[in-house]
Each structure stands twice: as C-alpha cells, then as structure tokens.
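Remarks on the structure that follows.
4 protein chains.
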Amino acid sequence: MQIQIDNSSNRPVYQQIIDAVKRDIALERIKLGEKLPTVRQLAGELVINPNTIAKAYRQLETEGIITTRPGSGAFVAEMNSNISKSVRKKIVIQELERIAIDAVHMQISNEELTQWFAEVIKKFKNTFGE
Amino acid sequence: MQIQIDNSSNRPVYQQIIDAVKRDIALERIKLGEKLPTVRQLAGELVINPNTIAKAYRQLETEGIITTRPGSGAFVAEMNSNISKSVRKKIVIQELERIAIDAVHMQISNEELTQWFAEVIKKFKNTFGE
Amino acid sequence: MQIQIDNSSNRPVYQQIIDAVKRDIALERIKLGEKLPTVRQLAGELVINPNTIAKAYRQLETEGIITTRPGSGAFVAEMNSNISKSVRKKIVIQELERIAIDAVHMQISNEELTQWFAEVIKKFKNTFGE
Amino acid sequence: MQIQIDNSSNRPVYQQIIDAVKRDIALERIKLGEKLPTVRQLAGELVINPNTIAKAYRQLETEGIITTRPGSGAFVAEMNSNISKSVRKKIVIQELERIAIDAVHMQISNEELTQWFAEVIKKFKNTFGE
DNA sequence: GTGGTCTAGACCACC
DNA sequence: GTGGTCTAGACCACA
Numbered sequence: 191m192q193i194q195i196d197n198s199s200n201r202p203v204y205q206q207i208i209d210a211v212k213r214d215i216a217l218e219r220i221k222l223g224e225k226l227p228t229v230r231q232l233a234g235e236l237v238i239n240p241n242t243i244a245k246a247y248r249q250l251e252t253e254g255i256i257t258t259r260p261g262s263g264a265f266v267a268e269m270n271s272n273i274s275k276s277v278r279k280k281i282v283i284q285e286l287e288r289i290a291i292d293a294v295h296m297q298i299s300n301e302e303l304t305q306w307f308a309e310v311i312k313k314f315k316n317t318f319g320e
Numbered sequence: 191m192q193i194q195i196d197n198s199s200n201r202p203v204y205q206q207i208i209d210a211v212k213r214d215i216a217l218e219r220i221k222l223g224e225k226l227p228t229v230r231q232l233a234g235e236l237v238i239n240p241n242t243i244a245k246a247y248r249q250l251e252t253e254g255i256i257t258t259r260p261g262s263g264a265f266v267a268e269m270n271s272n273i274s275k276s277v278r279k280k281i282v283i284q285e286l287e288r289i290a291i292d293a294v295h296m297q298i299s300n301e302e303l304t305q306w307f308a309e310v311i312k313k314f315k316n317t318f319g320e
Numbered sequence: 191m192q193i194q195i196d197n198s199s200n201r202p203v204y205q206q207i208i209d210a211v212k213r214d215i216a217l218e219r220i221k222l223g224e225k226l227p228t229v230r231q232l233a234g235e236l237v238i239n240p241n242t243i244a245k246a247y248r249q250l251e252t253e254g255i256i257t258t259r260p261g262s263g264a265f266v267a268e269m270n271s272n273i274s275k276s277v278r279k280k281i282v283i284q285e286l287e288r289i290a291i292d293a294v295h296m297q298i299s300n301e302e303l304t305q306w307f308a309e310v311i312k313k314f315k316n317t318f319g320e
Numbered sequence: 191m192q193i194q195i196d197n198s199s200n201r202p203v204y205q206q207i208i209d210a211v212k213r214d215i216a217l218e219r220i221k222l223g224e225k226l227p228t229v230r231q232l233a234g235e236l237v238i239n240p241n242t243i244a245k246a247y248r249q250l251e252t253e254g255i256i257t258t259r260p261g262s263g264a265f266v267a268e269m270n271s272n273i274s275k276s277v278r279k280k281i282v283i284q285e286l287e288r289i290a291i292d293a294v295h296m297q298i299s300n301e302e303l304t305q306w307f308a309e310v311i312k313k314f315k316n317t318f319g320e
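Protein chains in written order, with our numbering: chain U, 191 to 320; chain Y, 191 to 320; chain C, 191 to 320; chain R, 191 to 320.
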C-alpha cells in the first residue's frame with residue numbers, strides 16, 4: 191500500500207487517495223478483509239493533514255469499498271455493487287464516450303485506442319466481475 | 191447545436207458546455223469551419239450568464255478546438271493536436287485505467303466492458319485520427 | 191504583394207495586414223516609392239471588409255511607413271525612424287526579453303535560440319540600418 | 191516578487207501579471223516549488239480585483255508554469271514543455287522575425303541588434319534548457 | 001453586433 | 001484561508 195501524491199495534479203488530494211485505494215484493490219495488491227493503514231499512520235507517511243485522509247476513508251466507506259470498525263481500523267470490504275445494472279451501464283458508457291471524444295480531438299486513431307484499451311483491460315483481468 | 195445543462199450535476203456549467211461542443215464536433219454534428227452560436231445567443235437560450243459561455247469558449251480556444259475572432263464569432267477549428275504523442279498516450283491510458291478500476295468495483299465483467307467499448311467506438315468511427 | 195490572412199490566428203486581421211506590409215518592405219519585395227494595392231482591390235482579393243484594410247493603411251501612415259496621396263493611392267515611404275535612439279533600444283530590448291523568457295519556459299537551449307536568431311537575421315541582411 | 195502594473199499600457203493587466211511571473215521565474219527570482227503570493231494578497235498589494243489575479247494564475251497553470259491547489263495556494267512548477275519541438279521552433283522564429291522587421295523599420299543596424307540580443311541572452315543564461 | 005477585459009460580490013470545495 | 005465557479009453589469013477593440 192504505497193500511495194504517490196502528485197501535488198502538481200489538479201485532482202484533489204483526498205481524491206488521489208481514493209483513487210489509489212481503489213486501484214490497489216482492483217490490482218489485488220490489497221485483498222478482501224485486509225487492514226488499511228490507519229488515518230494517522232498514512233497522514234504521517236504522506237505528510238498530509240489527517241482530516242484529508244479521514245475524508246477519503248469516509249467516502250470509500252459510503253461507496254461500500256471499505257468498512258471501518260471503530261477502534262480496530264479500516265478493512266477491504268467484499269465487492270458487491272448496490273447500483274442497478276442499467277445505471278452502472280449508463281455511468282460506464284458515459285465515461286467511455288468522454289474518452290472517445292477526447293481521443294478524437296487528440297487525433298488518436300481507432301486502432302491505437304482499441305489497443306490501449308486491451309492493454310489496460312489485461313492488467314485487471316483477474317478482478318473483473320463474473 | 192442543442193446543449194442540455196444539468197444544474198444538479200457536480201460538473202461546472204462551463205465544463206458541460208465544453209463537453210457538449212466537443213461531443214457535437216466528434217459526432218460531426220458541427221463541422222470544420224462552421225460557426226458556433228454567439229456568446230450572447232447561447233447565454234440567452236440556456237438562461238446562463240454570458241461570461242460563463244465566454245469562459246467555455248475561451249478554454250475551447252486554448253485547447254485548439256475552436257478559433258474565436260472578436261467581431262466575427264467562434265468557429266470550429268481544424269483538428270491537430272499540439273501535444274506530443276507520448277503525453278497523449280499517457281493521458282488516455284490514465285483515463286482508461288480509471289474506467290477499468292471503476293468497472294471492477296462495479297462488478298462489471300470483462301466481456302461487458304469490452305462490448306460497451308466497441309459500441310461507443312462505433313459511434314465516433316468517422317472522426318478518429320488517420 | 192500577396193498577403194495571407196490566417197483566420198485561425200488570434201492576431202486581428204488589420205494587424206496581420208500591417209505585419210505583412212512591413213515584412214514585404216523589410217524583405218524588399220516592395221521598394222521605396224512603389225504603389226500599394228488600393229483599399230478596394232485588396233479588400234476584394236482577401237474577401238475582407240474595406241474598413242479593415244483602411245484601418246491598416248491608416249496606421250501604417252501614422253507610423254510613417256507609407257504615405258497616402260488622396261486620389262492616387264498609397265506608396266512606400268522612405269525609412270527614417272522619428273523615435274530617439276534610446277527609446278528604440280528600450281523597445282527592442284523589451285521584445286528580445288519577452289522572447290528569451292518564452293524560450294526559457296519552452297526549454298529551448300541557449301544555442302538553439304542563438305542559431306535561430308542568426309537564421310532570421312540573415313533573411314533581412316540587406317535592409318538593416320547603416 | 192514585486193510586480194509593477196502599468197495602467198496606461200495597452201497590455202491587459204492580467205497579461206502584465208503573467209509576464210511578470212514568467213520573468214521572475216526565468217530570472218530565478220522565484221524558484222521551483224516556491225509559493226506565489228495568494229490571489230487575495232496580490233490583489234490587495236496591486237489594488238486590483240482578485241478575479242484579475244485569478245485569471246492570470248489560471249492561465250499560468252494551463253501553460254504549465256505554476257500549479258495551483260485549492261486550499262494551499264499556487265506554486266512554481268517544474269519546467270517541461272508539452273509542445274512539440276517543431277511547433278516551439280515555429281513560434282519562436284515567428285517572434286524573432288517580428289523583431290527583425292521592427293528593427294529594420296527603426297533603422298537599427300544588424301550589429302546593434304545582434305549585440306542587444308547577446309546582452310539579453312546573458313541575463314537568462316542559467317535558466318535555458320539543457 | 002462580436003468577443004475580450006475588468007470590476008464587484010456571492011457561494012462552494014478543498015485543506 | 002485557499003483557489004474555483006458563477007452572476008451581473010460596464011466598457012473597449014474588432015469587423
């Protein structure tokens with residue numbers, strides 16, 4: 191669980207933490223039931239305000255990705271999306287369209303984009319849904 | 191050129207306008223050299239402050255997607271990315287990874303995601319780079 | 191005397207005309223005493239509002255670069271700067287600094303910039319001051 | 191970080207701020223990672239509307255010269271140009287030509303211009319690209 | 001009439 | 001307290 195904060199990024203710090211946790215879970219670097227670093231510990235490592243970490247954890251919990259047990263810490267939760275299938279599709283399609291539009295404007299070819307997509311997919315092969 | 195503003199969205203209004211213009215260009219609903227609605231006109235239609243439209247147009251210009259000429263209006267520019275190929279790839283890969291991660295957490299299957307990707311790509315077939 | 195108007199440029203059209211006339215004189219494409227195209231003629235060629243051409247010519251005259259004789263047209267004037275030497279130096283230094291600053295931020299090397307400067311200078315070799 | 195605003199100049203105020211920041215960075219008066227004055231602070235000093243400062247900072251960020259982080263402030267970013275080399279050359283050559291043309295019309299000699307160029311270059315010696 | 005600049009003042013997300 | 005977003009309204013340069 192090593193997080194890199196990019197201070198030159200526009201992405202808010204608390205979002206970068208959320209991103210990193212989600213990514214590490216999706217890549218199976220942290221597994222179901224494992225314990226995350228404590229707020230203070232992570233705040234110390236990253237030299238960041240503890241409130242910022244706490245905010246990230248809070249949001250990860252409302253998204254159902256981790257469960258925090260007061261007194262013992264935060265743990266990776268089981269994956270189960272509480273959103274309906276149709277809504278999930280709508281969200282993902284929207285994101286895919288945004289990428290496609292950007293790619294068009296960057297003059298990226300159909301083939302390149304498709305290839306890059308395949309490369310990325312491969313990395314997460316093991317953790318996709320059934 | 192019909193734009194829908196969603197005031198309940200977190201996405202800033204000026205961004206929604208940028209998104210819509212980019213999308214309409216990528217879908218060839220507006221073509222090279224065509225004139226966009228004037229700032230004041232669009233502001234009237236969408237019941238939005240003209241400065242907000244102006245901001246969107248300004249950013250579209252700095253991105254090289256439109257060219258604005260005081261006194262004449264704003265026009266769709268030729269597509270050609272100033273960004274170096276490697277940087278472009280980095281940007282797109284990053285976006286693709288974000289989607290893949292989200293998909294994993296939503297328990298979407300590899301096959302579904304790939305299929306949706308193909309569907310989206312098809313819509314923009316004509317306007318991709320060479 | 192062939193002027194190319196770049197509609198995708200931010201530079202105002204009347205300025206582009208001024209630039210082009212100055213450039214053609216500096217490159218000796220038009221010489222001392224030669225007649226410039228009439229306002230209407232140029233407006234027709236470039237498909238531009240005659241007022242825009244007139245504005246450019248007006249400014250060229252106040253800068254002492256051309257002289258307009260009502261009824262006969264506009265002619266290239268003799269070069270003689272009415273600005274004092276110290277002021278001229280200040281203006282040019284300021285412009286040179288702006289370039290240097292931009293070059294630094296574009297990560298252009300000292301040597302490259304110097305070489306490009308030499309290339310440009312060579313083009314105008316014949317028309318520099320004594 | 192001392193900025194002089196010239197209200198009688200044609201150059202927009204926000205541009206003068208951009209110019210000043212770029213200059214101070216190029217002259218190493220502010221260095222990598224250092225914090226710029228806050229929007230409100232600078233607005234107070236220069237007796238200027240905060241939005242004008244914000245606009246300058248926003249553009250400096252899109253140019254990649256500073257990075258702003260809501261909640262923390264604005265900081266000098268690492269220098270690295272996203273623009274492709276050929277485009278950079280085109281931009282600089284264009285600027286150099288403009289100077290050469292102006293110099294010709296001001297009856298400045300080849301030698302003088304070259305010498306002034308050398309003087310200016312020397313000031314920025316340390317910060318040019320590799 | 002077109003977009004660009006600037007001011008003034010409100011509200012919000014981030015840290 | 002930091003910058004970001006949005007509104008409202010004035011004035012200017014450009015065509």
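For each residue, glycine too, the CB sits at the ideal point set by N, CA and C.
Since the model is a prediction, treat every value here as computed from it, not as a measurement.
On the CB-based measure, 16 or more other CB atoms within 10 Å of its CB, does residue i come out buried or exposed?
i: Q192(Y); result: exposed
i: L232(R); result: buried
i: N200(C); result: exposed
i: L222(U); result: exposed
i: A308(C); result: exposed
i: K275(C); result: exposed
i: K245(R); result: buried
i: R278(R); result: buried
i: T252(U); result: exposed
At a Cβ threshold of 8 Å, is residue i touching chain Y?
i: N197(C); result: yes
i: V277(R); result: yes
i: T252(R); result: yes
i: N200(U); result: no
i: E224(U); result: no
i: G319(U); result: yes
i: I193(U); result: no
Can you give me the Cβ contacts of residue i inside the same chain, cut-off strictly under 8 Å, excluding the 5 residues immediately before and after it?
i: T228(R); result: G263, A264
i: N316(R); result: E218
i: I220(R); result: M191, V211, D214, L226, V266
i: K313(Y); result: L217
i: R259(C); result: F265
i: N197(Y); result: V203
Thinking residue i and residue j are a contact (beta carbons under 8 Å), I'd like their distance in whole angstroms, please.
i: N272(Y); j: Q297(U); result: Rounded, the Cβ-Cβ distance is 10 Å, inconsistent with contact.
i: G319(C); j: S299(R); result: 5 Å
i: A216(Y); j: I291(U); result: 5 Å
i: V310(R); j: L286(C); result: 4 Å
Sorted by chain position, which residues of the same chain lie with C-beta nearer than 6 Å to residue i's C-beta, five sequence neighbours on each side aside?
i: Q206(U); result: I195
i: Y247(U); result: A264
i: Y204(R); result: T242, K245, A246
Might you give, ordered along the chain, the residues of its own chain that have their beta carbon closer than 7 Å to the beta carbon of residue i, omitting 5 neighbours on each side?
i: L250(U); result: I208, V211, I256
i: A293(C); result: L303
i: N239(Y); result: A233
i: E268(U); result: L222
i: R230(C); result: P240
i: G254(C); result: A267, N272
Please decide whether residue i counts as near chain R, where near means a Cβ-Cβ distance under 8 Å.
i: L296(C); result: Note that residue 296(C) is Met in the sequence shown here, rather than Leu. Cβ-Cβ to chain R under 8 Å: yes for M296(C).
i: T258(Y); result: no
i: I273(Y); result: yes
i: K221(C); result: no
i: A216(C); result: yes
i: I207(C); result: no
i: T228(C); result: no
Please tell me whether residue i has its Cβ less than 8 Å away from any Cβ of chain U.
i: A246(R); result: no
i: A210(R); result: no
Just checking: is the beta-carbon of residue i within a distance shorter than 8 Å of some beta-carbon in chain C?
i: A264(Y); result: no
i: K280(R); result: no
i: A308(Y); result: no
i: A267(Y); result: yes
i: R213(R); result: yes
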